[in-house]
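**Q**
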Amino acid sequence: VASSSSSSSSAQPFEILDDTDYVDFTEDDVEIPSSPASSAAGKRSRNQFENSNQSSTSTSAASSSDKDATSCPMPSRMQDFKDHPVYCLERHLLSEQALHPNAQAVGVFKGESVYLLRHKETLCTKLQWRRLLKQVRRNEEAVKVIQRRVRAEDSGGDAQGQSEHKTIELKLFGSWQTEPIQIPPVVDGIIPVNSHGNIEVWEGRAAFVPAGAVFIDNPSAIKTARQLELPCAPAVVGFERRGLHTVPIVGGVVVLRQHAALVQDAAFFVEAVREENVYAKKDKEMTLKWERMVFG
Numbered sequence: 011v012a013s014s015s016s017s018s019s020s021a022q023p024f025e026i027l028d029d030t031d032y033v034d035f036t037e038d039d040v041e042i043p044s045s046p047a048s049s050a051a052g053k054r055s056r057n058q059f060e061n062s063n064q065s066s067t068s069t070s071a072a073s074s075s076d077k078d079a080t081s082c083p084m085p086s087r088m089q090d091f092k093d094h095p096v097y098c099l100e101r102h103l104l105s106e107q108a109l110h111p112n113a114q115a116v117g118v119f120k121g122e123s124v125y126l127l128r129h130k131e132t133l134c135t136k137l138q139w140r141r142l143l144k145q146v147r148r149n150e151e152a153v154k155v156i157q158r159r160v161r162a163e164d165s166g167g168d169a170q171g172q173s174e175h176k177t178i179e180l181k182l183f184g185s186w187q188t189e190p191i192q193i194p195p196v197v198d199g200i201i202p203v204n205s206h207g208n209i210e211v212w213e214g215r216a217a218f219v220p221a222g223a224v225f226i227d228n229p230s231a232i233k234t235a236r237q238l239e240l241p242c243a244p245a246v247v248g249f250e251r252r253g254l255h256t257v258p259i260v261g262g263v264v265v266l267r268q269h270a271a272l273v274q275d276a277a278f279f280v281e282a283v284r285e286e287n288v289y290a291k292k293d294k295e296m297t298l299k300w301e302r303m304v305f306g
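Put into structure tokens, the structure is as follows:
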């Protein structure tokens with residue numbers, strides 16, 4: 011079968027990550043704050059993480075100068091710096107936040123340096139940056155390493171329903187340590203894949219699909235493409251955690267653009283036949299039950 015495995019010699023679209031890089035601190039787990047200043051760090055959903063990151067990026071790119079920003083009066087009370095629209099103190103940073111390396115103090119309050127809010131950034135794991143089509147440059151050191159308590163694999167819990175947990179370290183990086191991900195295109199009919207023989211297409215987004223290829227979101231498409239002996243690559247659309255390990259979620263397939271229509275039609279036919287067989291089986295079972303009721 012001519013599959014994507016034949017392209018293992020091509021450039022890999024992504025750096026292979028360690029297992030702990032796949033742990034997402036935005037998921038519903040128990041967080042261990044890395045410092046007293048981060049004790050207010052709560053649990054946030056995936057959407058909240060993405061929104062906060064986009065907000066941080068856009069704020070950092072604000073066109074207003076520091077001089078204009080500092081025209082705003084500085085708070086006179088410590089608690090007013092928290093959630094202030096212009097200024098911030100380092101003590102109020104959450105565990106997944108940090109000041110940009112180029113941030114300069116614009117004042118001092120009770121012996122603590124005051125910074126502009128737009129210099130505060132949300133840190134991300136390598137996996138989270140990958141979702142945003144960015145990757146951490148090689149040899150970059152993590153800005154922060156926080157501890158996270160995750161549910162242990164296959165932990166049945168005790169009589170009170172308490173599940174077992176294990177503490178792991180989570181490496182976080184800033185936007186200044188990243189670079190845009192360059193998705194290699196299809197070359198000579200070969201779909202670029204990683205060392206696992208698949209290609210990451212987060213949430214089925216077209217931006218992750220190599221030029222010259224198409225993502226088909228159909229559970230039967232992978233098997234269909236292989237049966238047709240067409241070049242293809244299983245599409246990893248996300249990850250899910252099982253205990254301490256994170257496993258890929260395969261949903262659909264990436265095929266060459268010229269084969270997309272054929273695979274889509276064939277996969278649709280396979281799905282239709284499967285559903286018809288399921289319906290026929292249920293109909294037969296109902297008929298047998300009805301006959302037993304009528305004729306005994």
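For the sequence shown, the working numbering assigns the number 11 to the initial residue and increments by one for each residue that follows.
By construction, the Cβ of each residue, glycine as well, lies at the ideal position given by its N, Cα and C atoms.
Starting from the C-beta of Val211, find all residues in its chain whose C-beta is less than 8 Å away, skip the five residues before and the five after it, and write them out in chain order.
**A** Within the same chain, Val211 has close Cβ partners Phe218, Val219, Phe225, Ala245, Val246, Val247, Gly262 and Val264.
**Q** Per the contact definition of three or more C-beta pairs closer than 8 Å, is the segment 203-210 in contact with the segment 151-158?
**A** No: the two stretches stay apart, fewer than three of their Cβ pairs being nearer than 8 Å.
**Q** Can you tell me where the alpha helix (DSSP H) with Gln107 in it begins and where it stops?
**A** Looking at the DSSP string, Gln107 is not in any alpha helix (DSSP H); the run it does join, the beta strand (DSSP E), is Gln107 to Leu109.
**Q** Report the start-end ranges of each beta strand (DSSP E) in the segment 118-163 that is 3 residues or longer and not cut off at the edges.
**A** Taking only runs of at least 3 residues, the beta strand (DSSP E) segments lying wholly in the segment 118-163 are 122-126, 130-132, 144-146 and 154-161.
**Q** For the alpha helix (DSSP H) that contains Glu285, what are its first and last residues?
**A** Ala270 to Phe305 is the extent of the alpha helix (DSSP H) around Glu285.
**Q** List in chain order: all unbroken beta strand (DSSP E) runs of 3+ residues lying wholly within the segment 178-235.
**A** Fully enclosed beta strand (DSSP E) runs of 3 or longer: 188-190 and 223-226.
**Q** Determine which residues share a DSSP beta bridge with Leu103 and list them.
**A** Its beta-bridge partners do not exist; DSSP assigns none.
**Q** Can you confirm whether the segment 173-186 touches the segment 113-124 when touching is taken to mean that 3 or more C-beta pairs between the two stretches lie within less than 8 Å?
**A** Touching, no, given that fewer than three Cβ pairs across the two stretches are closer than 8 Å.
**Q** With a CB to CB cut of under 8 Å and the five nearest residues on each side skipped, what residues in its chain are close to Ala115?
**A** Here the set comprises Ser123, Val124 and Tyr125.
**Q** Just the Cα atoms here: how many angstroms apart are Glu100 and Pro83?
**A** So the two alpha carbons sit approximately 19 Å from each other.
**Q** Quick check: what's the CA-CA separation for Val280 versus Asp198?
**A** Taking the straight line from one Cα to the other gives about 29 Å.
**Q** For the ligand ZN, is there any heavy atom lying closer than 6 Å to the beta carbon of Gln114?
**A** In the structure shown, the ligand ZN is absent, as is every other ligand, since no ligand is present at all.
**Q** So Pro244 is in the beta strand (DSSP E); what residue range does that whole segment cover?
**A** Unbroken beta strand (DSSP E) run through Pro244: Cys242 to Arg252.
**Q** Pull up the DSSP beta-bridge partners for His255, would you.
**A** Paired residues: Arg252.
**Q** Are Ile4 and Ala243 touching if we call contact CB-CB under 7 Å?
**A** Residue 4 is absent from the model: the chain starts at 11 and stops at 306.
**Q** Buried or exposed: which applies to Thr234, given that a residue is buried once 16 or more other Cβ atoms fall within 10 Å of its Cβ?
**A** Looking at its Cβ environment, which holds 16 or more other Cβ atoms inside 10 Å, Thr234 is buried.
**Q** Taking the Cβ atom as the reference point for each residue, do Arg159 and Thr188 lie within a distance shorter than 7 Å?
**A** For Arg159 and Thr188, no; Cβs fall outside 7 Å.
**Q** Give me the Cα-Cα distance between Ile156 and Pro195, rounded to the nearest whole angstrom.
**A** Going by the C-alpha atoms only, they are around 36 Å apart.
**Q** Taking 8 Å as the threshold, find out whether the segment 269-277 comes into contact with the segment 289-302 through three or more Cβ pairs.
**A** At 8 Å Cβ cutoff, the stretches do not touch.
**Q** How would you label His255, buried or exposed, when you count the other beta carbons within 10 angstroms and need 16 or more for buried?
**A** Label assigned to His255: exposed.
**Q** Measure the C-alpha to C-alpha separation of Asn287 and Asp293 and round it to an integer number of angstroms.
**A** Roughly 10 Å separates the two Cα atoms.
**Q** Nearest to Thr135 by CA position, among His110, His102, Asp90 and Phe183, is which residue?
**A** Nearest of His110, His102, Asp90 and Phe183 to Thr135, Cα basis: Phe183.
**Q** Based on DSSP bridge pairs, tell me the residues matched to Leu238.
**A** For Leu238, which the question treats as bridged, DSSP gives no partner whatsoever.
**Q** Quick one: Cα of Phe249 to Cα of Glu131, how far?
**A** Approximately 25 Å between the Cα atoms of the pair.
**Q** Going by the DSSP bridge assignment, what does His175 pair with across the sheet?
**A** Bridge partners of His175: Arg161.
**Q** Roughly how many whole angstroms lie between the Cα atoms of Val257 and Asp275?
**A** In a straight line, the C-alpha of Val257 is about 30 Å away from that of Asp275.
**Q** CA-CA distance, Ala113 and Arg251?
**A** Near 36 Å, if we compare the C-alpha coordinates of Arg251 and Ala113.
**Q** Using only the alpha-carbon positions, how far apart do Ala108 and His129 sit?
**A** Whole-angstrom Cα-Cα distance: 9 Å.
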